[in-house]
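Student:
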Amino acid sequence: MLTVLVRHGLDAPFGTETNPVEVTSEFSERIVGVADPDDDSLVWWGTVEEGQPPKQIIEGGEFFVLKRLPSSGGHH
1 MLTVLVRHGL
11 DAPFGTETNP
21 VEVTSEFSER
31 IVGVADPDDD
41 SLVWWGTVEE
51 GQPPKQIIEG
61 GEFFVLKRLP
71 SSGGHH
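So in full-length UniProt numbering, the last spot in the sequence shown is 76, and the numbers never skip.
#1: For Gly-51, does the three-state DSSP call read helix, strand or coil?
#2: Nearest to Asn-19 by alpha carbon, out of Gly-60, Val-34, Pro-37, Pro-54?
#3: Within 10 Å of its beta-carbon, does Leu-69 have 16 or more other beta-carbons around it, so buried, or fewer, so exposed?
#4: Exposed or buried, which one is Leu-42 when buried takes at least 16 other CB atoms within 10 Å?
#5: Taking 8 Å as the limit between beta carbons, can you name the residues of its chain near Val-6, skipping five residues before and five after?
#6: Starting from the C-beta of Gly-46, find all residues in its chain whose C-beta is less than 6 Å away, skip the five residues before and the five after it, and write them out in chain order.
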């Protein structure tokens, strides 16, 4: 199951391989979008998955890692 896209960005320091941006989710994976560094009207999409090492969506871009949250028990 994929979560619905959230229309606001993360407010976090630039994610590095040793200090990645933590993307939270109640699910085992989440879609992440990053703006193209040469044209911010383009967005590159990728997924981060639970238990995987930090991931870069675009070369030279930020690193992301999934931080699993406990389920709230609600349904979408």
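C-beta atoms are modelled at their ideal positions from N, C-alpha and C, and glycine is treated no differently.
Tutor: For this structure:
#1: In this structure, Gly-51 counts as coil in the three-state DSSP scheme.
#2: Pro-54
#3: Counting every other CB atom within 10 Å of its CB across the protein chains shown gives Leu-69 a total below 16, marking it as exposed.
#4: exposed
#5: Because Val-6 sits at a pLDDT of 48, beneath the cut-off of 50, its placement in the model cannot be relied upon, and the following sentence gives the value as read from the coordinates. Excluding residues up to 5 positions away in sequence, nothing lies with its Cβ nearer than 8 Å to the Cβ of Val-6 in the same chain.
#6: Val-32, Ile-57
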